[in-house]
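First residue of the sequence shown? That's 614 in our numbering, and the numbers climb one at a time after it.
Have a look at the structure below, then the notes.
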Amino acid sequence: AFGQPSGDFGGDAFMASFNHLGRSWVYGLSYDDRNPTFRADYGFVPRVDIRSAGAEITRLIWGKRGDWFTQITFSAFGNVTYDHDGNLTDSTMALQTAYFGPLQSVFQTTYFREKERFLQEAYDKDQLSFYTEIKPAGGIKFNLRGWFGDVIDYSNARKASALNVIPSAEVILGRNININFQHDFQRFTLRGDEIFEANLSQLKLVYNFNLRMFVRGIVQYLNLARTPELYINPVPRKTQTVFTQILFSYKLNPQTVLFLGYSDNYFGETGIDIAQTDRTFFIKLGYAWTK
């Protein structure tokens, strides 16, 4: 199966790295070699047949008391990967800068120059990512991250442009209530024409009665709009899904936890009104064996 030999086989893997962690400089080198028949059945190794080398360097600048920043960093890193036949499979070069300041604020931006091989074709990709976070008050946190640039449209085996923006917010009210909201927006385009636009929203509410007991509710809504004319295979023009879940958790003792819950799913697409497809009631008892 999956192109593996039918009889006994084995392989080798080798990995080495060097890292320096200093107050002003951080840098490192790495090398990873896994031959095509290497297997690691007791560990997560998703890829073999690689020879990969990487390097990174970061300059750290520390602020003083009263400065407008606590730390600023400038980084460069990259890696290149070949298979054992000498074919370049992928490579990444990146430049990154990060700012850390008052109110636990963070702003980070990274430019990526990548090469990726898919279905025997090499694609060059340029991407710019960003990440920002701030905690204006105790129990309140806002976060915004995302990226835009080139991407491989795997469903249609071609290069496209993409935009991904993910805002989120977390509010903690007292010792009992935690509210978390996140929205994930993603759009793929081909020479200005929209391939698809996806909006995924999630609201999570947690009420902690005490250290042993809490109840959690989740509502998730997906709205996916596609342009079928830009797809190789037939797809619906519009898809909607809703997922809800409520979970009650009670810790009977340090080793035993009881879970009670309910969840359901709703689905709709072009020509089909959104409707409930399934619902589940569940109970689970978890026990941790310790020595």
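We put the CB at the ideal spot given by N, CA and C, even for glycine.
On a predicted model such as this, the values are computed, not experimentally measured, just so you know.
Using a Cβ distance threshold of 7 Å, S742 and W760 count as a contacting pair. Just measuring C-alpha positions, the residue of R664, F687 and I663 sitting nearest R672 is F687. For F894, the closest of G881, I859 and E734 by C-alpha to C-alpha distance is I859. Beyond the five residues adjoining it in sequence on each side, I831 comes within less than 6 Å, by CB distance, of K817 and Q858 in the same chain, given in chain order.
With fewer than 16 neighbouring CB atoms inside 10 Å of its own CB, F822 falls in the exposed class.
If you draw a straight line from the Cα of T883 to the Cα of G714, it is about 48 Å long. Y820 is not a Cβ neighbour of I792, given a cutoff of 7 Å.
In this structure, Y695 keeps its C-beta atom at 7 Å or more from the C-beta atom of R647. Secondary structure of L843 (DSSP, three-state): helix. Assigned with DSSP and collapsed to three states, T650 falls in coil, not helix or strand. Spatial neighbours of F798 in its own chain (CB-CB distance under 6 Å, excluding positions within 5 residues in sequence) are listed in chain order as V778 and N812. Less than 7 Å divides the Cβ of F880 from the Cβ of T890. Residue pairing from DSSP places A629 in a beta bridge opposite Y644. Check the Cα spacing between F801 and each of L786, G787 and K772: the tightest is with K772.
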